[in-house]
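Below is one structure, written out as structure tokens, with a few remarks after it.
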Amino acid sequence: MAGETSESGETAAQGPKDPNGYDDGKVVWEPRWLDTGEKEAWTALVSLVLLLPGRLESPLQQEAGLTLFEYLALSHISEAPDRRLRMSELAYLANGSLSRLSNVVKRFEQRGWVERSPDPADGRYTLAALTDAGFAVVQAAAPTHLRAVRELVLDPLTADEQRALAEIAAKLRARPVDLA
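First residue of the sequence shown: 1, per UniProt numbering; consecutive thereafter.
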């Protein structure tokens, strides 16, 4: 109880007592506050995470009529073998939920950009396949997206910094997302 340390380094204290003196016996974890370096790293990361999607999406919206998520979904399908991907894998690659992706792919189908079909290897899965019209959309939007990626992310960094960024991002993404 009091004085215990969690795996994340937080310390335990007895839970609050109610005004009548009843001790609920719950352990309350006290936060491990950020030191100056940690706060600088966190603040820089969260600022970038909040700023970057809008800065990448704005030119895509203006020049190609696509959201960043839509572009990423189309782009990932275009890079897959036979321009086909399982919906679950595509949701992961595009950083969205399967539900969100299903709604977007439904709109793509209506525009003639994507066709969905059961996966012949395992009928429990659905494949999204890029049509020639969808591939043309990706080809037209790619220069806009690449220009923004280079300007905002890659060009300001050295090759070593780009590798370090990729390693850090992969390490953070590999962590479990269910922090509840």
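For glycine and all other residues, C-beta sits at the position ideal for the given N, C-alpha and C. Just so you know, these numbers come straight off a predicted model, no measurement behind them.
In the DSSP assignment, the residues bridged to THR126 are PRO118.
As far as DSSP is concerned, LEU165 takes part in no beta bridge. By the beta-carbon neighbour count (other beta carbons within 10 angstroms, threshold 16), ALA94 is buried. Annotation: the continuous alpha helix (DSSP H) that includes LEU45 extends over 36 to 64. Beta-bridge partners assigned by DSSP to LEU85: ALA128. DSSP places VAL27 in the uninterrupted beta strand (DSSP E) bounded by 27 to 30. In terms of CA proximity to HIS76, LEU101 leads the group GLY54, LEU101, THR158, ARG55. Assignment of LEU93 by DSSP, reduced to helix, strand and coil, places it in the helix class. Here VAL138 is actually not in contact with LEU56; their C-beta atoms are around 15 Å apart, not less than 8 Å. For LEU146 and VAL27, the gap between their C-alpha atoms comes out near 50 Å. DSSP places LEU72 inside the alpha helix (DSSP H), whose first and last residues are 68 to 79. About 16 Å separates the beta carbons of VAL104 and ALA133, which is beyond the 8 Å limit, so they are not a contact pair. The beta carbon of GLU63 sits closer than 6 Å to the beta carbons of THR144 from its chain, once the five residues preceding and following it are set aside; these are given in chain order. Remark: C-beta atoms of VAL114 and ALA91 do not approach each other more closely than 7 Å.
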